[in-house]
Amino acid sequence: MVSAYVRTGHFREAVDCFYQFFLTSGLRPDFYTFAPVLKACKNPLDGMRIHCLVLKLGFEWDVFVTASLVHMYTRFRALGNARKLFDDMPVRDMGSWNAMISGYCQNSNAAEALDVLNEMRSEGVLMDPVTIVSILPICAQLDDILNGMSIHVYSIKRGLEYDLFVSNALINMYAKFGELAIAQKVFDNMVVRDVVSWNSITSAYEQNDDPTRALALFYDMQLSGISPDYLTLVSLSSIVAQLGDSWNGKSVHGFVMRRGWILKDVISGNSVVDMYSKLGDMSSAGAVFQALPVKDVVSWNTLITGYTQNGLASEAIEVFDMMQKEIAPNQATWVSILPAYSNIGALQQGMRVHGLLVKSSLYLDIFVGTCLIDMYGKCGKLDDAMSLFYEVPKMTSVPWNAIISCHGIHGHAEKALKLFREMREERVKPDHVTFVSLLSACSHSGLVEEGQWCFNVMREEYGIEPILKHYGCMVDMFGRAGHLEKAYNFIKDMPVKPDASVWGALLGACRIHGNIDLGAFASERLFEVDSENVGYYVLMSNIYANIGKWEGVDKVRTLARDMGLRKTPGWSSIEANNKVDVFYTGNQSHPKCEEIYKELRNLNAKMRSLGYVPDYSFVLQDVEEDEKEHILMSHSERLAIAFGIISTPPKTPIRIFKNLRVCGDCHNATKYISKITEREIIVRDSNRFHHFKDGVCSCSDYW
């Protein structure tokens, strides 16, 4: 009866039935009684009570019962109790060894699992399929492909390679190492394949960025007559998202709905939310999330991540606030929400989260700690970012990349390069993200020779082949420094076809240096590869406007309008009095609108007395001069600065976050305002940070 309850998932009833048997039947349990009831225990207290009964009844030396106790304790992460039982066993069978090894594996104690395996082999006990299936994931976790391959060789010698579970585990292990050819060979040699086999090989390609092959395998699975399960749909959702296939995304959603999985299994619902998020369809992602009958912590994390990665930071924060009323956040929640605070510069809210993480000691977790570094760096608190960097573990490139990137966007390229040299001294291997951050830092600071050195080191010393992001940074670096011909020749010599980011970097450089002919050529190439990005039309329009070619402006704007494209409205945000206020250019709806414009008029008068002259080339409308001055004064960053002045104590820093590049006239005006108000004004635009103090900007007018 107890076993029947366990087999059907009625665990509480199984435990109650055992107690009823023990207390009322007058019968004595035997060694068969304990294994199922120990498996049914859902809390450690029940397990310890039954352990006491085992001791009272003298079953502690029974190998079958003790192995069940070991398994029970490892489920509750009481590995010390499990190991003591295991070490005290006078005789150990295969089940005992497997229970201890799998217990360590399931609790991510890789080194201890391998120690037990080595002890087992030294005693002449041979691995069986259960041992192999337990230990292979540990080889992947330790990045130990040699040990994994030696176990593969062992399984071939022992005739275990055709075991269904062993083959599935081998496919998963090789997929983790990116060895798709070997994983495919294991799959091809399988005599029998189940749904797990197909899921394993499909997810192998999906997780290694080959969604086309993964989708083909899904179709092969259907032709073989194997019915997909909900885990198949988890992979399929990711495949569709990687392919950017919105049409098939809706088919996947319909497939899940028809089978009722979205109502029965939260994993299916979470995968659909994730799929829509990655497709950029947050409206559908939100609707699916709301329809989930049960929402676990992964459901909330998935939606928060979706909003953050789609640039909807305010919505992500709103969902996080709702989540805290429903369920406790976990490590992944903090990794999801901290970038949202970074994106809108909500420093005070980010610091409150930091306080919570200090209490739980989670701030020392490498991923959470890296997000905190990124948050402080992107909120203008570079010293705090550095303090955290020295506290978190630095064995991988992740925290190094974050701190190098932070210094880059603040214009401290030389410090970024110094950190890179320290990283090399610590023997931490850089990745492609490291070099994107370094090249971007060199670009923002005009360090062309150093940037070329980084590019060469990446290829020659570390064997990292440049991707389009690296090429885009190089073009941007040459272009900003005024080497437009060199930038264009670099593009022509690229071994891969330039994408929009590369041509966009060249077009941006043409705008800075007023090269209309090369700018027109770059814009033509841009419209070929990315005709729906309104930003490139705006850039070309600005180039024409800067030199007064209004017919060119009208032509480009008409082209964009005919395609149904609308310019992204400029906005700036400021955090004051524990609240984030957002200002759009020409904003007239703010409750303090009159006070803001009054402050701006006062500032304008004081600036003029110090020699400020408005630069009307940054007014991209063909209007009268008095109207041009009003347009400049109504730019979103100036509205935010004026609001900060009237809302915060005198001489305290003001932090502004702008979604677009700050215009040249506002840059000049902010220098004057910092001098007049005796404040440090920190502005983060779409490219970098500007620290204004005493009439000077940290960028030295190179941005």
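Under the working numbering, the residue at position 654 of the sequence shown is numbered 654, and the numbers go up by one with no gaps. The beta-carbon is built from N, C-alpha and C at its ideal position, and this holds for glycine as well. Here the structure is a predicted model, which is why all the values come from computation and not from measurement.
Is it the case that the Cβ atoms of residue i and residue j are separated by a distance below 7 Å?
i: V234; j: S197; result: no
i: G451; j: L439; result: yes
i: W571; j: S647; result: no
i: M275; j: G249; result: yes
i: I373; j: S336; result: no
i: R655; j: I682; result: yes
i: N435; j: M458; result: One point to set straight first is that residue 435 is Phe, not Asn, in the sequence displayed. Contact: yes.
i: S709; j: F657; result: No statement about residue 709 is possible, as the shown extent of the chain runs from 1 to 703 and does not include it.
i: F177; j: T202; result: no
i: L603; j: I673; result: yes
i: V91; j: V125; result: no
i: L506; j: S523; result: no
i: P437; j: A413; result: The sequence as given places Ser at residue 437; Pro does not occur at that position. For S437 and A413, no; Cβs fall outside 7 Å.
i: A183; j: A204; result: yes
i: A287; j: G306; result: no
i: G345; j: N310; result: no
i: C379; j: L419; result: no
i: A113; j: I132; result: no
i: M375; j: S342; result: yes
i: K671; j: C699; result: no
i: A509; j: V529; result: no
i: M190; j: L136; result: no
i: S268; j: V256; result: yes
With distances taken Cα to Cα, identify the nearest neighbour of residue i among the options.
i: Y584; options: T8, S246, F643 and L236; result: F643
i: R601; options: C52, Y702 and E629; result: E629
i: R688; options: K592, S405 and L603; result: S405
i: R638; options: C666, E627 and P650; result: C666
i: V54; options: L38, H410 and N43; result: L38
i: S3; options: Q20, A35, L23 and D30; result: A35
i: A67; options: W334, Y32, M386 and R352; result: Y32
i: P399; options: G377, L632, I226 and E461; result: G377
i: L518; options: A487, P495, E425 and G306; result: A487
i: V273; options: G260, L292 and R259; result: L292
i: E461; options: D431, G472, H470 and V186; result: D431
i: R480; options: R511, I50, I327 and M494; result: R511
i: I645; options: G695, R421 and E575; result: E575
i: G9; options: L23, Y19, V696 and K42; result: K42
By Cβ distance, which residues of its chain are closer than 7 Å to residue i, with the 5 residues on each side in sequence left out?
i: G482; result: H513
i: V130; result: N98
i: M120; result: W97
i: F490; result: M474, V475 and F478
i: N109; result: L79
Going by beta carbon distance, what residues of the same chain come within less than 6 Å of residue i, once the five residues before and after it are set aside?
i: E680; result: P653 and K693
i: A340; result: T308, A313, A316 and I317
i: P393; result: I366
i: A82; result: V70, Y73, T74 and G103
i: E206; result: A214, S235, S238 and I239
i: A40; result: V6, F11, A14 and V15
i: H407; result: K415 and A416
i: K278; result: A241
i: D93; result: V63
With DSSP as the reference, label residue i as helix, strand or coil.
i: H590; result: coil
i: L690; result: Here the sequence assigns His to residue 690, which means Leu is not the residue at that position. In the structure shown, H690 sits in a strand (DSSP, three-state: E or B).
i: I267; result: helix
i: A328; result: coil
i: E575; result: strand
i: V130; result: helix
i: R12; result: helix
i: R684; result: strand
i: C697; result: strand
i: V582; result: strand
i: P29; result: coil
i: D530; result: coil
i: D499; result: coil
Once you ignore the five residues that flank residue i on each side, which residues in its own chain have a CB closer than 8 Å to its CB?
i: N330; result: V297 and N301
i: N208; result: A175, G178 and L180
i: S224; result: R193 and W198
i: N587; result: C593, S634, S636 and L639
i: Q222; result: P228
In chain order, which continuous runs of the alpha helix (DSSP H) of length 4 or greater are located wholly inside the segment 384-469? 397-409, 413-425, 432-445 and 448-460
4-residue-minimum alpha helix (DSSP H) runs that sit fully inside the segment 152-196, ordered along the chain: 164-176 and 180-188
Beta strand (DSSP E) runs contained entirely in the segment 593-673, provided each spans 3 or more residues: 654-658
Taking the runs of the alpha helix (DSSP H) that are 4 residues or longer, which of them lie wholly in the segment 230-317? 230-243, 246-258, 261-264, 266-278, 282-291 and 297-309
As an exercise, report each continuous beta strand (DSSP E) stretch of at least 3 residues that is fully enclosed by the segment 19-94, in chain order. none
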